[in-house]
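Q:
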Amino acid sequence: MSGHGTPIPMTARKSPPLRGVAEVPGDKSISHRALIFGAMAVGETRITGLLEGQDVLDTAAAMRAFGAEVVQHGPGDWSVFGVGVGGFAEPDRVIDCGNSGTGARLIMGAMATCPITVTFTGDASLTKRPMGRVTDPLALFGTRAVGRAGGRLPMTLVGAADPVPVRYTVPMPSAQVKSAVLLAGLNAPGQTVVVEREPTRDHTERMLRGFGAELTVEDTPEGRVITLTGQPELRPLDVAVPRDPSSAAFPVCAALMVPDSDILVPGVSQNPTRNGIYLTLVDMGADIAFENPREEGGEPVADLRVRFGPLKGVTVPPERAASMIDEYPVLAALAATAQGTTVMRGVKELRVKESDRIDAMARGLEACGVRIEETEDSLTVHGMASVPGGATVASHLDHRIAMAFVCLGLVAEKPIRVDDASPIATSFPLFEGLMTGLGAQVARDNG
Numbered sequence: 001m002s003g004h005g006t007p008i009p010m011t012a013r014k015s016p017p018l019r020g021v022a023e024v025p026g027d028k029s030i031s032h033r034a035l036i037f038g039a040m041a042v043g044e045t046r047i048t049g050l051l052e053g054q055d056v057l058d059t060a061a062a063m064r065a066f067g068a069e070v071v072q073h074g075p076g077d078w079s080v081f082g083v084g085v086g087g088f089a090e091p092d093r094v095i096d097c098g099n100s101g102t103g104a105r106l107i108m109g110a111m112a113t114c115p116i117t118v119t120f121t122g123d124a125s126l127t128k129r130p131m132g133r134v135t136d137p138l139a140l141f142g143t144r145a146v147g148r149a150g151g152r153l154p155m156t157l158v159g160a161a162d163p164v165p166v167r168y169t170v171p172m173p174s175a176q177v178k179s180a181v182l183l184a185g186l187n188a189p190g191q192t193v194v195v196e197r198e199p200t201r202d203h204t205e206r207m208l209r210g211f212g213a214e215l216t217v218e219d220t221p222e223g224r225v226i227t228l229t230g231q232p233e234l235r236p237l238d239v240a241v242p243r244d245p246s247s248a249a250f251p252v253c254a255a256l257m258v259p260d261s262d263i264l265v266p267g268v269s270q271n272p273t274r275n276g277i278y279l280t281l282v283d284m285g286a287d288i289a290f291e292n293p294r295e296e297g298g299e300p301v302a303d304l305r306v307r308f309g310p311l312k313g314v315t316v317p318p319e320r321a322a323s324m325i326d327e328y329p330v331l332a333a334l335a336a337t338a339q340g341t342t343v344m345r346g347v348k349e350l351r352v353k354e355s356d357r358i359d360a361m362a363r364g365l366e367a368c369g370v371r372i373e374e375t376e377d378s379l380t381v382h383g384m385a386s387v388p389g390g391a392t393v394a395s396h397l398d399h400r401i402a403m404a405f406v407c408l409g410l411v412a413e414k415p416i417r418v419d420d421a422s423p424i425a426t427s428f429p430l431f432e433g434l435m436t437g438l439g440a441q442v443a444r445d446n447g
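Residue numbers for the sequence shown follow UniProt numbering, so the first one is 1 and each next one is one higher.
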């Protein structure tokens with residue numbers, strides 16, 4: 001599937017029990033970072049388990065444009081020969097980040113303190129997303145940004161020739177903003193300090209240490225204070241990418257919805273800054289066993305054994321939002337099948353993702369006969385014994401919206417049709433085959 005070409009409608013129908021092993025792809029967040037940090041190190045970084053979705057392939061192409069050698073040896077097996085901190089060359093073309101806000105914002109941070117000028121663009125979804133949240137703190141280093149009104153792509157960044165270190169308090173819970181500032185701080189003298197009022201996913205901090213950067217993290221009354229010493233020589237690293245907990249959430253939730261299902265999802269990251277969805281599912285009464293806990297690539301992982309069972313609605317703690325922000329769409333779909341009401345608050349960040357995910361899920365669920373309420377910062381879903389379905393829902397160029405409604409279609413009384421499933425390729429290119437391999441009744445539908 002391609003997130004950039006002809007729409008690919010997809011229909012999901014009521015399915016028999018899901019059974020088997022779901023080999024979900026590598027973690028998208030870690031895959032982006034492994035390529036970028038490898039390009040900023042000196043020597044060869046070897047990456048195994050790399051997600052080969054379009055988002056990550058776009059980041060690999062960007063690293064090549066900056067002068068790094070990026071080589072694919074086989075499925076998921078890559079090498080990056082880096083150019084060192086501050087060694088990025090000026091690209092001879094526009095950097096197209098496709099659908100990826102993570103790719104765009106992290107790459108902006110990585111080049112912001114190099115004396116180069118770079119123009120960024122993306123697809124129809126990415127060009128609607130706010131970049132000021134990144135370019136504002138990057139300006140503190142001396143970086144200049146010129147773009148469309150509202151701080152949107154296409155945008156040209158002029159890197160700081162004489163960067164200065166900064167201290168920045170992130171105004172919203174955003175691992176992308178935090179990471180962009182830390183990446184920029186790598187090529188600034190002295191210490192760059194980032195303060196998070198609410199902790200977000202910590203892959204950047206873990207990986208920076210792995211590549212040899214001097215970084216400390218301290219919990220204070222002000223928040224989580226991350227201090228990075230600039231201008232290190234990053235050493236290459238062997239990175240084993242764990243399986244993506246966000247991608248795993250789709251077959252996991254599908255198995256929890258479809259009666260008598262029993263699946264195994266091996267090697268899923270259990271990073272505590274990413275596992276909010278699994279804590280929430282357990283709160284709902286989900287039958288999930290976390291088997292064979294271990295560490296891979298510096299990240300805690302486990303094999304998930306998932307069995308169908310009755311679920312109850314819950315109120316998700318707002319402070320959990322940062323650890324499961326990408327999973328609310330599939331949680332909303334699952335909540336439609338649970339007994340009682342599920343309330344999701346503190347989720348306004350969903351309105352500036354690949355789509356306005358609160359609106360996209362609310363309208364789609366209503367079309368499928370589910371009762372919901374929404375505010376600017378919340379979504380409430382009233383569960384029902386049987387979801388009517390029978391609707392065509394809009395994906396809004398958003399991979400997670402598309403996959404969430406495919407999962408709901410597996411248990412709805414009438415088929416659910418997603419108008420365009422092509423964006424799924426950005427994060428989970430094997431989604432259709434994986435789901436049909438488990439027994440899901442999913443098929444592309446050309447009308």
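Glycine is no exception: its CB is placed at the ideal position from the N, C-alpha and C atoms.
1) Rounded to whole angstroms, what's the CA-CA distance from G340 to L434? Just pull it up for me.
2) Could you name the residues of the same chain whose beta carbon sits closer than 7 Å to that of A60, not counting the 5 residues immediately before and after it, in chain order?
3) At 4 residues or longer, and completely inside the region 172 to 235: list those alpha helix (DSSP H) runs for me, N to C.
4) Cα-Cα, which of D92, G132, M344 is closest to G276?
5) Looking at R167 and E196, is the spacing between their C-beta atoms short of 8 Å?
6) May I ask which residues mark the beginning and end of the beta strand (DSSP E) holding T135?
7) Rounding to the nearest angstrom, what Cα-Cα distance links P259 and R305 in this structure?
8) Kindly list the residues whose CB is nearer than 7 Å to the CB of G76, restricted to its own chain and excluding five residues on each side of it in sequence; keep chain order.
9) Expressed to the nearest angstrom, what Euclidean distance is found between the alpha-carbon atoms of P9 and G389?
10) Going by DSSP in three states, E366 sits in which element: helix, strand or coil?
11) Considering only the beta carbon of each residue, do residue 452 and T113 sit closer than 8 Å?
12) With DSSP as the reference, label Q270 as helix, strand or coil.
13) Quick one: measure Cβ to Cβ for M361 and L379, integer angstroms, because I've assumed they're closer than 8 Å.
14) Considering only DSSP beta bridges, list what S79 is partnered with.
15) Relative to the C-alpha of G406, which candidate in A321, L365, V381 has its C-alpha closest?
16) Do you know offhand how far E374's Cα is from A391's?
17) Give the DSSP bridge partners of F308, in chain order.
18) Given that a residue counts as buried once 16 or more other Cβ atoms are within 10 Å of its Cβ, and exposed if not, what is R294?
19) Which residues share a DSSP beta bridge with R167?
20) Hey, R105 and Q176 are a contact pair by Cβ (cut 8 Å); roughly how many whole angstroms apart?
21) Between the C-alpha atoms of residue 451 and A39, what's the straight-line distance to the nearest angstrom?
22) Report the rounded CA-to-CA distance for I263 versus A302, giving the unit in angstroms.
23) Which residue or residues does DSSP assign as beta-bridge partners of F37?
24) Which two residues bound the contiguous alpha helix (DSSP H) that contains D58?
25) List the endpoints of the continuous alpha helix (DSSP H) containing D283.
26) Nearest to residue 452 by alpha carbon, out of Q54, G84, A110?
27) Note down the Cα distance separating Q270 from P300, rounded to an integer number of angstroms.
28) Helix, strand or coil for A302 per DSSP?
29) Going by DSSP, what residues sit across from H382 in a beta bridge?
30) Should E205 be labelled buried (16 or more other beta-carbon atoms within 10 Å of its own) or exposed?
31) State the DSSP-derived secondary structure class of D96, mapped to helix, strand or coil.
32) Roughly how many whole angstroms lie between the Cα atoms of Q441 and G409?
33) Which residue from S15, P7, R144 puts its Cα closest to that of V411?
34) So, at 6 Å on beta carbons, what are the nonlocal neighbours of D202 in its own chain, with the 5 sequence-adjacent residues on each side left out?
35) Between A65 and R33, is the Cβ-Cβ spacing less than 8 Å?
36) Once DSSP output is grouped into helix, strand and coil, what is the label at L334?
A: On the basis of the supplied data:
1) Locating residue 340 in the sequence shown gives position 340, where the first residue counts as 1. Locating residue 434 in the sequence shown gives position 434, where the first residue counts as 1. Cα to Cα, G340 sits roughly 30 Å from L434.
2) If you number the sequence shown from 1, residue 60 lands on position 60. Contacts found: L35, V70.
3) 175 to 185, 203 to 210
4) Position 276 of the sequence shown, counted from the start, is the residue given in the question as residue 276. Closest option to G276, Cα to Cα, is M344.
5) Position 196 of the sequence shown, counted from the start, is the residue given in the question as residue 196. Position 167 of the sequence shown, counted from the start, is the residue given in the question as residue 167. No, the pair does not count as a contact, with Cβ atoms beyond the cut-off.
6) Along the sequence shown, read from residue 1 onward, the residue named residue 135 stands at position 135. Not the beta strand (DSSP E): T135 falls in the alpha helix (DSSP H), residues 132 to 141.
7) The residue you call residue 259 lines up with position 259 of the sequence shown. The residue you call residue 305 lines up with position 305 of the sequence shown. Answer to the nearest angstrom: the Cα atoms are 15 Å apart.
8) Locating residue 76 in the sequence shown gives position 76, counting from the first residue. Correct list, in chain order: G26, T48, G49, L50, E52.
9) In the sequence shown, the residue the question calls residue 9 occupies position 9. In the sequence shown, the residue the question calls residue 389 occupies position 389. Their backbone Cα atoms lie some 16 Å apart in a straight line.
10) In the sequence shown, the residue the question calls residue 366 occupies position 366. In the structure shown, E366 sits in a helix (DSSP, three-state: H, G or I).
11) Since the displayed the chain opens at 1 and closes at 447, residue 452 lies outside it and no answer follows.
12) Translated into the one-based positions of the sequence shown, residue 270 becomes position 270. Correct three-state label for Q270: coil.
13) If you number the sequence shown from 1, residue 361 lands on position 361. If you number the sequence shown from 1, residue 379 lands on position 379. Right, the Cβ-Cβ distance comes to about 6 Å (below 8 Å), so this counts as a contact.
14) In the sequence shown, counting from the first residue as 1, residue 79 sits at position 79. In DSSP, S79 forms a bridge with R46, V71.
15) The sequence position of residue 406 within the sequence shown is 406, counting from 1. Sequence check: residue 406 is Val here, not Gly. Comparing Cα-Cα distances from V406 to each of A321, L365, V381, the minimum goes to L365.
16) To locate residue 374, count along the sequence shown from 1; it is residue 374. To locate residue 391, count along the sequence shown from 1; it is residue 391. The alpha-carbon atoms of E374 and A391 are separated by roughly 20 Å.
17) Residue 308 sits at position 308 when you count from the first residue of the sequence shown. Answer is none; F308 lacks a bridge partner.
18) What you label residue 294 is simply residue 294 of the sequence shown in a count that begins at 1. Its Cβ having fewer than 16 others within 10 Å, R294 is exposed.
19) Here residue 167 corresponds to residue number 167 of the sequence shown, with the count starting at 1. Under DSSP, the beta-bridge partners assigned to R167 are V193.
20) Position 105 of the sequence shown, counting from 1, holds the residue named residue 105. Position 176 of the sequence shown, counting from 1, holds the residue named residue 176. Confirmed, about 4 Å.
21) Absent from the structure is residue 451, since the part of the chain shown begins at 1 and ends at 447.
22) Taking the first residue of the sequence shown as 1, we reach residue 263 at position 263. Taking the first residue of the sequence shown as 1, we reach residue 302 at position 302. When rounded, the distance between both Cα atoms is 14 Å.
23) By 1-based counting over the sequence shown, the position of residue 37 is 37. Partner(s): none; F37 has no beta bridge.
24) In the sequence shown, residue 58 corresponds to position 58, counting from 1. Run containing D58: 54 to 65, per the alpha helix (DSSP H) assignment.
25) On the sequence shown, position 283 is the one that residue 283 refers to. Segment 276 to 283, the alpha helix (DSSP H) holding D283.
26) A query on residue 452 cannot be resolved here, the shown segment of the chain reaching from 1 to 447 and no further.
27) Mapped onto the sequence shown, residue 270 falls at position 270. Mapped onto the sequence shown, residue 300 falls at position 300. Spanning the two alpha carbons is a distance of roughly 5 Å.
28) Numbered from its first residue, the sequence shown carries residue 302 at position 302. It is a strand residue.
29) In the sequence shown, counting from the first residue as 1, residue 382 sits at position 382. Its beta-bridge partners are T341.
30) If you number the sequence shown from 1, residue 205 lands on position 205. E205 comes out buried.
31) Stepping through the sequence shown from its first residue, residue 96 is reached at position 96. D96: strand per DSSP, three-state reduction.
32) Stepping through the sequence shown from its first residue, residue 441 is reached at position 441. Stepping through the sequence shown from its first residue, residue 409 is reached at position 409. About 9 Å.
33) Working through the sequence shown from its first residue, we reach residue 411 at position 411. Residue S15 holds the alpha-carbon nearest to the alpha-carbon of V411 among S15, P7, R144.
34) Here residue 202 refers to the residue found at position 202 of the sequence shown. If we look at D202 and ignore the five residues flanking it on each side, its Cβ neighbours are T273.
35) Within the sequence shown, numbered from 1, the residue matching residue 65 stands at position 65. Within the sequence shown, numbered from 1, the residue matching residue 33 stands at position 33. No, these two residues do not count as a Cβ contact at 8 Å.
36) Position 334 of the sequence shown, counted from the start, is the residue given in the question as residue 334. Helix.
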